[in-house]
Each structure stands twice: as structure tokens, then as C-alpha cells.
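Chemist: Just so you know, we're using our numbering here: the sequence shown kicks off at 4 and counts up by one. Beta carbons are placed, not taken as given, at the ideal position from N, Cα and C, and that holds for glycine.
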Amino acid sequence: MRNLLYGEWYRWKKNKAFWICLLSAAGMILLVYLTMTAAGQAMGAGGDVLQETGISGMAAQFAGGGLVTMFGMIFLCIWMVSDYTHGAMKNVVGKGYSRMKVFLAKHLFGMAVTLIMNLIIFFVILIIGLVLIGTPEGDRLFFQNLLIYFGLQLLFGAAVSSIVIAICEWSRNMAAGIGITMAVIIFSPLLVQGLDLLFSVLRLNISISRYWILNLMADCPTEAFPLEFLFRGILMSVIWLLLPLALGAAHFRKTDIG
4 MRNLLYGEWY RWKKNKAFWI CLLSAAGMIL LVYLTMTAAG QAMGAGGDVL QETGISGMAA
64 QFAGGGLVTM FGMIFLCIWM VSDYTHGAMK NVVGKGYSRM KVFLAKHLFG MAVTLIMNLI
124 IFFVILIIGL VLIGTPEGDR LFFQNLLIYF GLQLLFGAAV SSIVIAICEW SRNMAAGIGI
184 TMAVIIFSPL LVQGLDLLFS VLRLNISISR YWILNLMADC PTEAFPLEFL FRGILMSVIW
244 LLLPLALGAA HFRKTDIG
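This is the structure we're talking about:
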């Protein structure tokens, strides 16, 4: 396992996709901040649009809105599928390593690198916000709430990463992996909410969106965190992390590597 993780580390150091996705996300965040600043000045509000939204509101738009997730998951798809397209996965398995260890090493390293990317992006959101908006009143409570919010989003992001890794393992194709991943990120929250509405019309007391990880990510509060939400969010994050891991590992063990 140690040699496998070192091999993943060596590949990551030579991989440009991580930095391209990270810089793209940072550039998009800066562009949104500057656009909102310009919009406020154009309306004669002197930047009040950003002041009213606040750093917490901007963080919720970027993290809960899927922007952070999208760039991280694009990188993860490239990272996972490239081993199959370049034949590296076949070479590693051919060296006699246990398939379970190979998949687990790739899964763990992929999640870790994605979490690092998300953490850097959250730091960028905070720094640009402090520069353009400033420190809000009650800064101690603000930073405490923001730390909890970013921690929850990192936990949700780990679960989403596990789902994307499983998608890439089952597809083993770059276009299919990225396409399915984007469809899941963009459309699954709307689909789940639609099912909730259907169940409500049928007078069934069922709410699937409360347990789907992407809806939890979007609905995460930025302050006054309810204990019920914290418990449900942590529990569902663990479930959505372990379930795709088990399915991906089972598929990797039984399917031939072309």
C-alpha cells in the first residue's frame, strides 16, 4: 500500500490537470467577486451588493452552488480515467499488487487531493472576500461559523468524491465519466426535489432530498447550525462515502482491465 500511495504521489506531482482546474476555479471566483463589485458601483451603491451578500453568502454560493464541486470533480475524473486510457492501471495490477489495495490507494489519494483543492479554493474565497468586503462585525463568531461551514462542505465534498470515483471506475471512459459526473452534480438535486414534490402530491411523508449529499451541500446553513442537520449531514456523508467505495471496489475486483 505504501508503494502504491507513493506512486500516486509521484504521478500527481507531474499532473497539470490539478493546477489547471485549481487556477480556473480561483479565476472564476475572482471574476464573480469583481462582477458583483462593478454591479454595485454601477447602481451607485458603492459596492453594497457585496456587503449585503457578505463573505458567508459568497461562500454559500460558491460551495453550495456547486462551483467548487464542479472543478474538483472534473480533475478527479481526469485523474481516475487517465490510468485506464494510458494503460498505467494494467501495468500496476500486472505487478502483482492486490486489486483491493490498488483501488483503495487510488480512491484514498484521489479523495485526499480533491479535498486539498477544495480547501485551497475555500481559502481563496475567504481571502478575496476579506480584501473586497472586509471583516464583518463580531469577527470571532463569523470565523467560527465559517470554519464549521467549510468543514461540513469538505465532508460533503469527500462523499461526492467517492461517488465520482465510483462513476469513473464503472465507466472507465473520459467523456462518459465527466459527462455522467456533470449530470449528477447539475441535475440530481433538481430530480430529487421533483421526487419530493411528487411524494407530497401523493400525500406520502417522504423527503429524499434530506438524505442526498448534493442537496445537503446546497442546503447547508452558514450560521446557527441545527444539531439535527449536523447529525444528519455527518451520517449521510459517511454513508455516501462508504457505499460508492464498496461498489467501486467490487467492480474493480471482478472486471477485466482492458
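1) Which value, in whole angstroms, describes the spacing of the CA atoms of glutamine 64 and leucine 200?
2) In its own chain, which residues sit with a C-beta less than 7 angstroms from the C-beta of isoleucine 128, not counting the 5 before and 5 after it?
3) Could you round the C-beta distance between isoleucine 216 and alanine 249 to whole angstroms and report it? I think they count as a contact, below 8 angstroms.
4) According to DSSP, is leucine 248 part of a helix, a strand, or is it coil?
5) By a C-beta neighbour count over all protein chains shown, 10 Å radius and 16 as the cutoff for buried, is phenylalanine 106 buried or exposed?
6) Pull up the CB-CB distance for methionine 114 and serine 164, whole angstroms please, since I reckon it's below 8 angstroms.
7) Are there 16 or more other CB atoms within 10 angstroms of the CB of leucine 150, so buried, or fewer, so exposed?
8) When we look at the beta-carbon of alanine 295 and count the other beta-carbons within 10 Å, is it buried (16 or more) or exposed?
9) My output table needs one value for tyrosine 214: the three-state DSSP class, helix, strand or coil.
10) Between leucine 34 and the rest of its own chain, which residues show a CB-CB distance below 8 angstroms, the 5 nearest in sequence each way excluded?
11) Look at the alpha carbon of threonine 258 and the alpha carbon of serine 174, and state the distance between them as a whole number of angstroms.
12) In the structure shown, what three-state DSSP assignment does tryptophan 243 receive?
13) Thinking just about the alpha-carbon of each residue, which of Asn94, Leu198 and Leu219 is nearest to the one in serine 210?
14) What separation, rounded to the nearest whole angstrom, lies between the Cα atoms of alanine 253 and isoleucine 23?
15) Cβ of methionine 73 within 8 angstroms of Cβ of valine 167?
16) Between the alpha carbons of phenylalanine 153 and threonine 225, how many angstroms are there, rounded?
17) How would you label glycine 49, buried or exposed, when you count the other beta carbons within 10 angstroms and need 16 or more for buried?
18) Is leucine 8 helix, strand or coil when you go by DSSP?
19) Counting along the chain, where does the alpha helix (DSSP H) carrying proline 192 start and finish?
Modeler: Let me spell this out:
1) Residue 64 sits at position 61 when you count from the first residue of the sequence shown. Residue 200 sits at position 197 when you count from the first residue of the sequence shown. Cα to Cα, glutamine 64 sits roughly 24 angstroms from leucine 200.
2) Within the sequence shown, the letter at position 125 stands for residue 128. Excluding sequence neighbours, isoleucine 128 sits near Ile32, Met61, Ala62 and Phe65.
3) Within the sequence shown, the letter at position 213 stands for residue 216. Within the sequence shown, the letter at position 246 stands for residue 249. 16 angstroms between Cβ atoms; not a contact.
4) In the sequence shown, counting from the first residue as 1, residue 248 sits at position 245. In this structure, leucine 248 counts as helix in the three-state DSSP scheme.
5) Within the sequence shown, numbered from 1, the residue matching residue 106 stands at position 103. Its Cβ being crowded by 16 or more others within 10 Å, phenylalanine 106 is buried.
6) As a position in the sequence shown, residue 114 is number 111, starting the count at 1. As a position in the sequence shown, residue 164 is number 161, starting the count at 1. That belief holds up - the Cβ atoms of methionine 114 and serine 164 are roughly 5 angstroms apart, short of 8 angstroms.
7) Your numbering for residue 150 matches position 147 in the sequence shown. Exposed: under 16 other Cβ atoms inside 10 Å.
8) Outside the displayed range of the chain (4 to 261) lies residue 295, so it cannot be described from this structure.
9) Taking the first residue of the sequence shown as 1, we reach residue 214 at position 211. In this structure, tyrosine 214 counts as coil in the three-state DSSP scheme.
10) If you number the sequence shown from 1, residue 34 lands on position 31. Closer than 8 angstroms at Cβ, skipping near neighbours: no residue.
11) One-based indexing of the sequence shown puts residue 258 at position 255. One-based indexing of the sequence shown puts residue 174 at position 171. Computed Cα separation, rounded: 11 angstroms.
12) In the sequence shown, residue 243 corresponds to position 240, counting from 1. In the structure shown, tryptophan 243 sits in a helix (DSSP, three-state: H, G or I).
13) If you number the sequence shown from 1, residue 210 lands on position 207. Answer by Cα proximity: Leu198.
14) To locate residue 253, count along the sequence shown from 1; it is residue 250. To locate residue 23, count along the sequence shown from 1; it is residue 20. So the alpha carbons of these two residues sit roughly 32 angstroms apart.
15) For the purposes of this step, residue 73 is identified with residue 70 of the sequence shown, where counting begins at 1. For the purposes of this step, residue 167 is identified with residue 164 of the sequence shown, where counting begins at 1. No.
16) Taking the sequence shown and counting its residues from 1, one reaches residue 153 at position 150. Taking the sequence shown and counting its residues from 1, one reaches residue 225 at position 222. Rounded to whole angstroms, phenylalanine 153 to threonine 225 spans 9 angstroms at the Cα level.
17) Taking the first residue of the sequence shown as position 1, residue 49 is located at position 46. Note that glycine 49 has pLDDT 47, beneath the 50 cutoff, so the model's placement of it is unreliable and the number below is only indicative. By the 10 Å Cβ count, glycine 49 comes out exposed.
18) Residue 8 sits at position 5 when you count from the first residue of the sequence shown. DSSP places leucine 8 in helix when its eight states are reduced to three.
19) For the purposes of this step, residue 192 is taken as residue 189 along the sequence shown, with counting starting at 1. First-last of the alpha helix (DSSP H) with proline 192: 177–204.
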